[in-house]
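Novice:
Residue numbers (the numbering used here): 5 to 241.
#1: Quick one: grab the DSSP three-state call for residue 159.
#2: Relative to the alpha-carbon of residue 43, which residue among 62, 23, 30 and 87 has its alpha-carbon at the smallest distance?
#3: At what residues does the alpha helix (DSSP H) containing residue 187 begin and finish?
#4: Does DSSP classify residue 240 as helix, strand or coil?
#5: Determine the extent of the alpha helix (DSSP H) in which residue 111 is found, giving its start and end residues.
#6: Threshold first: 4 residues or longer. Then list the alpha helix (DSSP H) segments lying entirely within the stretch 36 to 121, N to C.
#7: Does the stretch 173 to 186 come close enough to the stretch 139 to 150 that 3 or more CB-CB pairs lie under 8 Å?
#8: Taking residue 133 as part of the alpha helix (DSSP H), name the residues at either end of that continuous run.
#9: Our contact map puts residue 36 next to residue 65 with C-beta atoms below 8 Å; I'd like the distance itself, whole angstroms only.
#10: Do you know how far the Cα of residue 168 is from the Cα of residue 258?
#11: Which word fits residue 142, buried or exposed, when buried means at least 16 other C-beta atoms lie within 10 angstroms of its C-beta?
#12: For residue 127, I'd like the list of residues in its chain whose CB is within less than 8 Å of its CB, leaving aside the five on either flank, ordered along the chain.
#13: Between residue 200 and residue 92, which are expected to be in contact by the criterion C-beta below 8 Å, what is the C-beta distance as a whole number of angstroms?
#14: Quick one: measure Cβ to Cβ for residue 196 and residue 89, integer angstroms, because I've assumed they're closer than 8 Å.
#15: Just how far apart, CA to CA, sit residue 157 and residue 223?
#16: To which residues of the same chain is residue 113 closer than 7 Å at the C-beta, ignoring the five residues directly before and after it?
#17: If you measure between the beta carbons of residue 6 and residue 235, is that distance less than 7 Å?
#18: Can you tell me which of the three DSSP states residue 214 falls into?
#19: Where residue 70 and residue 232 are concerned, what is the direct C-alpha to C-alpha distance, given to the nearest angstrom?
#20: Buried or exposed, going by whether 16 or more other CB atoms sit within 10 Å of the CB of residue 67?
#21: Identify whether residue 197 lies in helix, strand or coil by the three-state DSSP scheme.
#22: With a threshold of 8 Å on Cβ separation, who are the neighbours of residue 178 within its own chain once the five nearest residues in sequence on each side are excluded?
#23: Can you tell me whether residue 20 is helix, strand or coil according to DSSP?
As structure tokens, then:
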């Protein structure tokens, strides 16, 4: 549903801020390294600035201390990536709770006329598909799932050779059943979990050891490519 898009956007904004902040922190380290190397070169060639000459022997300590502090700040920031991951998982949990509420079975949504038709056993496969699709299009996941249970029985009977279907009917029923399965809303949570999987690859996994523990900044530039279509289209159907 379109309003689930907001959850994906919230996560996307969170990750993009992390990427911007990471790059800014990394740039500060790069600049500090560059400045320290330049100082060492001036020291080697005897071209220290007036202030550096004033500092004397302590200049090396001051410059080195600045670099060390900048690197320490960056290392502290790196740990924040796990907070980003936890916040994304919290957004996912909020989405899952909303989905459970929206797609919960609602007795008032049950159409007794349709139930009577289903119970009679007179519905042809094409009619079952039409009823299920109408329920889906009308925003009635409860009835879609009720009808889906009958479609599932028909397909089960086919598998057990109780009542064989022709190829066309079977294909139509299977296709419709795939739509019905999404009527518990799990598809939206699954898609969001897909985003989290990509994020976990980008940030590293705090539950893992070795290479999987470290962030993967080379992936930062690919975040939009890997998630853009899912974010824009995966929550708007």
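Where a beta carbon is used, it is the ideal one built from N, C-alpha and C, also for glycine.
From a predicted model like this one, the values you see are computed outputs, not experimental measurements.
Specialist: So, to answer that:
#1: Taking the chain shown and counting its residues from 1, one reaches residue 159 at position 155. In this structure, residue 159 counts as helix in the three-state DSSP scheme.
#2: In the chain shown, residue 43 corresponds to position 39, counting from 1. Checking every option, the nearest Cα to that of residue 43 belongs to 62.
#3: Sequence index remark: in the chain shown, residue 187 carries index 183 (1-based). Looking at the DSSP string, residue 187 is not in any alpha helix (DSSP H), and its letter there is neither H nor E.
#4: As a working mapping, residue 240 is identified with position 236 in the chain shown. DSSP places residue 240 in coil when its eight states are reduced to three.
#5: For the purposes of this step, residue 111 is taken as residue 107 along the chain shown, with counting starting at 1. Here residue 111 belongs to no alpha helix (DSSP H), and DSSP marks it neither H nor E.
#6: 54 to 59 and 62 to 106
#7: yes
#8: On the chain shown, position 129 is the one that residue 133 refers to. Unbroken alpha helix (DSSP H) run through residue 133: 129 to 141.
#9: The sequence position of residue 36 within the chain shown is 32, counting from 1. The sequence position of residue 65 within the chain shown is 61, counting from 1. Not confirmed; about 15 Å, so no contact.
#10: Look at the range of the chain in this structure, 5 to 241, and you will see that residue 258 is not part of it.
#11: Counting from one through the chain shown, the residue named residue 142 turns up at place 138. Answer is exposed; the Cβ neighbour count stays below 16.
#12: Translated into the one-based positions of the chain shown, residue 127 becomes position 123. For residue 127, where only same-chain residues beyond five positions count, the Cβ hits under 8 Å are 121, 135 and 154.
#13: Position 196 of the chain shown, counted from the first residue, corresponds to residue 200. Position 88 of the chain shown, counted from the first residue, corresponds to residue 92. So it is a contact: roughly 6 Å between Cβ atoms.
#14: On the chain shown, residue 196 is found 192 positions in, with the first residue counted as 1. On the chain shown, residue 89 is found 85 positions in, with the first residue counted as 1. Rounded, the Cβ-Cβ distance is 13 Å, inconsistent with contact.
#15: Residue mapping note: residue 157 aligns to position 153 of the chain shown, counting from 1. Residue mapping note: residue 223 aligns to position 219 of the chain shown, counting from 1. For residue 157 and residue 223, the distance between alpha carbons rounds to 46 Å.
#16: Reading the chain shown from its first residue, position 109 is the one you call residue 113. If we look at residue 113 and ignore the five residues flanking it on each side, its Cβ neighbours are 144, 146 and 147.
#17: By 1-based counting over the chain shown, the position of residue 6 is 2. By 1-based counting over the chain shown, the position of residue 235 is 231. Result no, Cβ atoms of residue 6 and residue 235 do not sit closer than 7 Å.
#18: Here residue 214 corresponds to residue number 210 of the chain shown, with the count starting at 1. Only weak support is given to the placement of residue 214: the predicted model assigns it a pLDDT of 49, under 50, and the value that follows is read from those uncertain coordinates. Residue 214: helix per DSSP, three-state reduction.
#19: The residue given as residue 70 occupies position 66 in the chain shown. The residue given as residue 232 occupies position 228 in the chain shown. Each residue's Cα considered, the two are about 39 Å apart.
#20: For the purposes of this step, residue 67 is taken as the residue at position 63 of the chain shown. It is buried - the Cβ of residue 67 has at least 16 other Cβ atoms within 10 Å.
#21: Mapped onto the chain shown, residue 197 falls at position 193. Three-state DSSP puts residue 197 in a helix.
#22: On the chain shown, position 174 is the one that residue 178 refers to. 159.
#23: By 1-based counting over the chain shown, the position of residue 20 is 16. Helix at residue 20.
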